[in-house]
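Input: a single structure, listed below in structure tokens.
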Amino acid sequence: MPYTWAYNRSVNLDFHVVYAKNRYSVPHRYVGRKVDLRVGESTLSTYHAGERIATHRLLPSCVKNGYSTDEAHMPEAFLRPEWDDARIRGWAKKIGPSCAAVVDRIFDRAKVKEQAYNPSLSVLNLSKKYGEERLEAACAHALPRLGSPRYRHLKAILDSNLDDPAAPMREKPGGGQEPGPRGHVRGADYYRE
2 MPYTWAYNRS VNLDFHVVYA KNRYSVPHRY VGRKVDLRVG ESTLSTYHAG ERIATHRLLP
62 SCVKNGYSTD EAHMPEAFLR PEWDDARIRG WAKKIGPSCA AVVDRIFDRA KVKEQAYNPS
122 LSVLNLSKKY GEERLEAACA HALPRLGSPR YRHLKAILDS NLDDPAAPMR EKPGGGQEPG
182 PRGHVRGADY YRE
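For the sequence shown, the tail end lands on 194 under our numbering, and the numbers increase by one without skipping.
Structure, rendered in structure tokens:
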């Protein structure tokens, strides 16, 4: 039976390892360690120091951002990690109600609360680069437009200044307004010379 290997994969805080944009659980004691993956036609086995520590049915190639979680891999009682759901939600509420709503949606869509830690922290860390006020405005902009806003959506909103109501607007073809161009725009006169 043919199989391939993927080496030196990190076990994330949510005790999952990523393969082909999907996540597979391993026993929680391996968090932060490197593991190797043996991928067959229908199974994925995880190895640490040459010993097999987990086996999962391989998620179909059409599935992206899926989770295969074995409940036996979860700790009986999580010790309070440096970041837990209460602390993450508290930080989001401090930023504002729209940011809190985005983080709540991320947690609502996670099968296990630890699966929401990294996506939520990625969103909240945008406040370090753009500031809390802009992140709150970006979340308010995204919420009515997206079912589950994530880091990539909010970063795109912030990078294009869609969070700024004072940004110049231009008429859309067919009516309405949209944000005006950003940066340097050369007009027709530039090319006539």
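Here a beta-carbon is modelled for each residue, glycine too, at the ideal position from N, C-alpha and C.
Item	Value
Outcome for Ser-99 when other beta-carbon atoms lying within 10 angstroms are tallied against a minimum of 16	buried
Cβ-based burial, Met-170 [other Cβ within 10 Å; buried from 16]	Confidence at Met-170 is low in this model, with a pLDDT of 49, below 50, so the placement of that residue should be treated as unreliable; the coordinate-derived value is given next. That one is exposed.
Sequence-distant residues of the same chain with beta carbon closer than 7 Å to Thr-5, five excluded per side	Val-40
Environment of Tyr-8 [buried if 16+ CB atoms lie within 10 Å]	exposed
Ser-121 beta carbon less than 7 Å from that of Ile-89	yes
CA-to-CA distance, Arg-151 to Val-19, given in whole angstroms	18 Å
Buried or exposed by the 16-neighbour rule on C-beta atoms within 10 Å, applied to Asn-126	exposed
Val-27 beta carbon less than 7 Å from that of Thr-56	no
Ile-96 versus Tyr-68: straight-line alpha-carbon distance, rounded	29 Å
Buried versus exposed, by CB contacts within 10 Å (16 or more), Ala-138	buried
Alpha-carbon to alpha-carbon, Val-104 and Leu-80	Its pLDDT being 45, under 50, Leu-80 is placed unreliably by the model, and the measurement read from it follows with that caveat. Cα-Cα distance, rounded: 22 Å.
Exposure label - Asp-160; buried when at least 16 CB within 10 Å	exposed
Boundaries of the alpha helix (DSSP H) in which Ser-46 is found, first to last residue	No alpha helix (DSSP H) contains Ser-46, which is instead part of the beta strand (DSSP E) from 44-49.
Opposing strand residues paired with Lys-35 [DSSP bridges]	Ser-11
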